[in-house]
Structure formats: C-alpha cells, structure tokens
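Trainee:
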Amino acid sequence: MRQRILALHGAVVDAVLGWTEGDRLGLKDDFPLRFEVMVLAVSSVLVALKDDPERVQGLWDMTFEGFEVSLRNRGVNDIRIGARMRVLLQHAMGRSRVYMDAINGKDETALRQAIIRNVFNGSVRQQETVEILLSSVLNLPGRVLGGINS
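In my numbering, the protein residues as written are 199 to 348.
Dropping the structure here:
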C-alpha cells in the first residue's frame, strides 16, 4: 500500500511543481506557494479517493512528511519543526475543508474564490491564470489516479 501511496504522492508533487516552477502562476516560486498549491491539489485527489479511507489518510500523511522534509532542507531545526508543522497542519486542514466542500458541491465559484484568497493572496493580476489552475486542479484526480487507482 505504501508504494501505491508513494506513487500517487509523487504524481501530485510533479503536477504541483509543473504549475509553480518558473513563476508560471505569476507568483514567486517558494515554500509558501508550493504549500498552498499542494494542499489544493491533494484536496482534489482526496475527494476522488473518499471511498478509500486508507489511501486518503496515507496521502495526507505523506504530504506532511514531504512538508517536514522540505522545511528541514530549508534549515528549520528540530527545536522549531514541531511548532511549524502544527501551524501548517492547522492551515492545511482549514483550507482543505473549504476546497473539498467546494469540489464535492461542484461549486466552482467557491473554489475559485478560495484559490484567489489562499494561493494568490487575494490579488490576481491575470484571471486567466486562476482559470488555468482551477481547471488543472479539477482534472488532476483523473490524471494521477488513472494507473494508480486499481
């Protein structure tokens, strides 16, 4: 099971990096941006996996393992890592709940507003960028679960 979750997580990470690298969203490619986009992407996949609680929990856990490794690679030490991870978890849980509710309710307006608020910090230079990210996120589960879902 862990190998399947690792493969799924890797596919989600690849998608997120494709969206964020090279300032493709018109935003600085840094940890806060990748965190926001990763939570958004994982949330969309979690909705698709809702009938598989083991993979839902596994993907969520692996996502946070990845965040911890990333923070450590950026120099956050053992003394501070616990506090940083608690804050990230609180932020991610709230955002994920909003994203998942919007996706489950097929409410693209609510999802778009949450993306603008969280990913774009409430300010969008190009609406087209938001629409591309929205479409990419909604198509992500089909893309990453294609060969992994069985």
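The beta carbon of each residue, even a glycine, is placed where N, CA and C say it ideally should be.
Pick out whichever of MET260, ARG310 and VAL328 has its Cα sitting closest to the Cα of MET199.
Mentor: The count along the sequence shown starts at 1 and reaches residue 199 at position 1. Here the closest residue by C-alpha is MET260.
Trainee: The alpha helix (DSSP H) with MET260 in it runs from where to where?
Mentor: As a first step, residue 260 must be located in the sequence shown, where it is residue number 62. Run containing MET260: 251-271, per the alpha helix (DSSP H) assignment.
Trainee: Across the region 283-300 and the region 309-323, are there enough close Cβ pairs to call them in contact, namely three or more that are closer than 8 Å?
Mentor: Yes, they touch.
Trainee: On the three-state DSSP scale, how would you describe SER348?
Mentor: Here the question's residue 348 lines up with position 150 in the sequence shown. In this prediction, SER348 scores a pLDDT of 39, lower than 50, which makes its location untrustworthy; no coordinate-derived value is stated.
Trainee: Rounded to a whole number of angstroms, what is the C-alpha to C-alpha distance between SER348 and MET283?
Mentor: Reading the sequence shown from its first residue, position 150 is the one you call residue 348. Reading the sequence shown from its first residue, position 85 is the one you call residue 283. Confidence is the limiting factor: at SER348 the pLDDT is only 39, short of 50, which leaves the residue's position unreliable, though a coordinate-based value still follows. Near 32 Å, if we compare the C-alpha coordinates of MET283 and SER348.
Trainee: Does ALA213 come out as helix, strand or coil in the three-state DSSP assignment?
Mentor: Walking along the sequence shown from the start, residue 213 turns up at place 15. The answer is helix: DSSP assigns ALA213 an H, G or I state.
Trainee: Whole angstroms is fine: what's the gap from ASP351's alpha carbon to GLY273's?
Mentor: Absent from the model: residue 351. The displayed extent of the chain is 199 to 348, so no value can be given.
Trainee: Could you give the distance in angstroms between the alpha-carbon of VAL317 and the alpha-carbon of GLY264?
Mentor: Taking the first residue of the sequence shown as 1, we reach residue 317 at position 119. Taking the first residue of the sequence shown as 1, we reach residue 264 at position 66. Their Cα atoms are separated by approximately 19 Å.
Trainee: Can you tell me whether LEU206 is buried or exposed? The criterion is at least 16 other CB atoms within 10 Å of its CB, across all chains shown.
Mentor: Along the sequence shown, one-based indexing puts residue 206 at 8. So LEU206 counts as buried.
Trainee: What residue from ARG341, ILE330 and VAL245 has the CA that sits closest to GLY300's CA?
Mentor: Here residue 300 is taken as the residue at index 102 of the sequence shown, counted from 1. This sequence places Ala at residue 300; Gly is not what is there. Of ARG341, ILE330 and VAL245, the residue nearest in Cα terms is VAL245.
Trainee: Pull up the distance between the alpha-carbon of VAL285 and that of GLY292, whole angstroms please.
Mentor: The sequence position of residue 285 within the sequence shown is 87, counting from 1. The sequence position of residue 292 within the sequence shown is 94, counting from 1. Taking the straight line from one Cα to the other gives about 11 Å.
Trainee: Which residue comes first and which comes last in the alpha helix (DSSP H) that contains SER278?
Mentor: Against the sequence shown, residue 278 aligns to sequence position 80. Sequence inspection shows Arg at residue 278; the Ser mentioned does not correspond to that position. Where ARG278 is concerned, the enclosing alpha helix (DSSP H) stretches over 276-302.
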